[in-house]
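Undergrad: Before I ask anything, here is the structure I am working with.
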Amino acid sequence: MPKILIVDDERVIRATLKEILEYEKYDISEAADGEEGLKRIQNEEFDLVLCDIKMPKMDGLEVLEKASKMERQPQFIMISAHGSIESAVEATKMGAFDFIPKPPDLNRLLLTVRNALEKKNLVTETKVLKKKLSKKLDMVGASTAIQTVKDTIEKVAPTEARVLITGPNGTGKELVAHWLHQKSNRSAAPFIAVNCAAIPAELIESELFGHEKGAFTSANKQRQGKFEQATGGTLFLDEIGDMSLSAQAKVLRALQEHKITRVGGDKDIKVDVRVLAATNKDLKKEIEEGNFREDLYHRLSVILIQVPALKDRKEDIPLLVDKFLGDIAQEYGTAKKVADPAAISKLQEFPWTGNIRELRNVVERLVILGGQTISEEDIKKYADY
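Counting from 168, one number per residue, gives the positions in the sequence shown under my numbering.
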């Protein structure tokens, strides 16, 4: 049952609102002034606060301002008999969901309450999902090699510097890009990832820069590209070593001038994105062979982060296996299995040419086919080595 706090110095208004909302099956609490209301918000958990603006001791806008700095933030609907456009705008700027004049229209009140509670639920769900995503994207390991990567991320993430992430397939280059975004000042804006190797050469420019209607046969409508979609946030160009030279030239212009032009268009569009790139190729060798632009390489590689192969951080395998066992148990809705020390030692002997991705797949196979405690015998039976 959603909990709603009514903060108003008029007893009649509180009683009326309480009667209406209790009839709708809401759990209602009351406060006779702003000071009492703020204390209740600090000490109890409410989903929604209906708050008068003009009150003794502390007005509603001050209550809203102080509540917005708390860890638990209920939605606010401001109510006032002295309503004005200015106070409504000010309340909205401070984070109020809506502003309702007194006496409130019953239908509008109930609709606004429902909408505010829906928003509260969405905000809560988003926080839970972000926490789950953060756990899923956790960078596991205590080896010197992975600690160097973590330290570099901490230093580089808050800046606007472009980063080139290198390393073999399956090492977690996209994970590094996610952390650079999450720890940056752009974390609230989009993180857009593009796998340059997975998009045909003739479509990569349209994918990155968008296109105008009629630009080519199947362009039935105007479309924004990834640069525009990532405005204010981060654009991650994965496997950039596979990008065509013509697309490289346009990316270079976007980095130099912060402008793009859609395919089939002639208008410059300003873009504000931080570009991160990754590759499993030796780009210096690609430059020598004429496959990659040297000027683009220097634009992208302000900071270089080399992600180590799993064979170079085998001391992290016990921690990685434990994480994967937990993740897989959560996905399958089953009890978490454990691996005995002999099984872990056996896993540490393998070369892991597919790196973290391969280890994760092997652990999933062991969860499905092995015993409740994964043994060395299970490793011999079900691992590929």
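Glycine included, every Cβ here is placed at the ideal spot set by N, Cα and C.
Using the DSSP secondary-structure output, state which residues sit across from H378 in a beta bridge.
TA: R390 and V430
Undergrad: Give me the DSSP bridge partner(s) of Q242.
TA: L215
Undergrad: My assumption, with CB atoms under 8 Å, is that G339 sits in contact with I523. Please give the rounded CB distance.
TA: 5 Å
Undergrad: Cα-Cα, which of T183, A199 and D439 is closest to N352?
TA: D439
Undergrad: State whether the region 503 to 512 contacts the region 454 to 472, with contact taken as three or more CB pairs (one from each stretch) at a distance under 8 Å.
TA: no
Undergrad: Got a sec, what are the start and stop residues for the alpha helix (DSSP H) V174 sits in?
TA: First-last for V174: K170 to V174, but that is the beta strand (DSSP E), not the alpha helix (DSSP H).
Undergrad: For K448 and G457, what's the separation of their Cα atoms in angstroms?
TA: 14 Å
Undergrad: Does the region 427 to 436 come into contact with the region 307 to 327, if we say contact requires no fewer than three beta-carbon pairs (one atom in each stretch) closer than 8 Å?
TA: no
Undergrad: Taking the runs of the beta strand (DSSP E) that are 3 residues or longer, which of them lie wholly in the region 295 to 375?
TA: 330 to 333 and 358 to 362
Undergrad: From this set, L296, L404 and K322, which residue's C-alpha is nearest I371's C-alpha?
TA: L404
Undergrad: Evaluate I252 with the Cβ neighbour count: other Cβ atoms within 10 Å of its Cβ, from every protein chain shown; 16 or more gives buried, anything less gives exposed.
TA: exposed
Undergrad: Which residue from G204, D194 and Q473 puts its Cα closest to that of V174?
TA: G204
Undergrad: Is the beta carbon of A309 closer than 8 Å to that of L486?
TA: yes
Undergrad: Touch check for the region 482 to 496 and the region 327 to 341: three-plus C-beta pairs under 8 Å?
TA: Contact between the region 482 to 496 and the region 327 to 341 is absent, because fewer than three Cβ pairs lie under 8 Å.
Undergrad: Please determine if the region 485 to 499 and the region 529 to 538 are in contact, where contact requires at least 3 C-beta pairs separated by less than 8 Å.
TA: yes
Undergrad: Does D554 come out as helix, strand or coil in the three-state DSSP assignment?
TA: Residue coverage of the chain in this structure runs from 168 to 552, which leaves residue 554 outside it and unanswerable.
Undergrad: Given a cut-off of 8 Å on the beta-carbon distance, is the pair L215 and V280 in contact?
TA: yes
Undergrad: Could you check if F264 is buried or exposed, using at least 16 other CB atoms within 10 Å of its CB as the buried criterion?
TA: buried
Undergrad: Over what stretch of residues does the beta strand (DSSP E) that includes F266 continue unbroken?
TA: D265 to P268
Undergrad: Our contact map puts P169 next to L284 with C-beta atoms below 8 Å; I'd like the distance itself, whole angstroms only.
TA: 5 Å
Undergrad: Which residue comes first and which comes last in the beta strand (DSSP E) that contains Q473?
TA: I470 to Q473
Undergrad: By alpha-carbon positions, which one of M410, D435 and K437 ends up nearest to A445?
TA: M410
Undergrad: Is it buried or exposed for P475, if we count other Cβ within 10 angstroms and need 16 for buried?
TA: buried
Undergrad: In this structure, how does DSSP classify D545 when only helix, strand and coil are distinguished?
TA: helix
Undergrad: Look at E374 and V361 and say whether their C-beta atoms are less than 8 Å apart.
TA: yes
Undergrad: Could you give the residue range of the beta strand (DSSP E) that holds I195?
TA: D194 to A198
Undergrad: Excluding sequence positions up to five away, which residues of its chain have a Cβ less than 6 Å from the Cβ of L536?
TA: Y549
Undergrad: Going by C-alpha distance, which of I359, E211 and A386 is nearest M237?
TA: E211
Undergrad: Rounded to whole angstroms, how far is the Cβ of C218 from the Cβ of I187, which I believe are closer than 8 Å?
TA: At roughly 16 Å, the Cβ-Cβ gap does not stay under 8 Å, so C218 and I187 are not in contact.
Undergrad: Does the Cβ of K513 have 16 or more other Cβ atoms within 10 Å, making it buried, or fewer, making it exposed?
TA: buried
Undergrad: Can you find the residues in the same chain that come closer than 6 Å, C-beta to C-beta, to I208, ignoring five residues on each side of it along the sequence?
TA: A234
Undergrad: State the CB to CB distance for the pair A421 and F394, rounded to an integer number of angstroms; the pair is presumed to be in contact (CB under 8 Å).
TA: 6 Å
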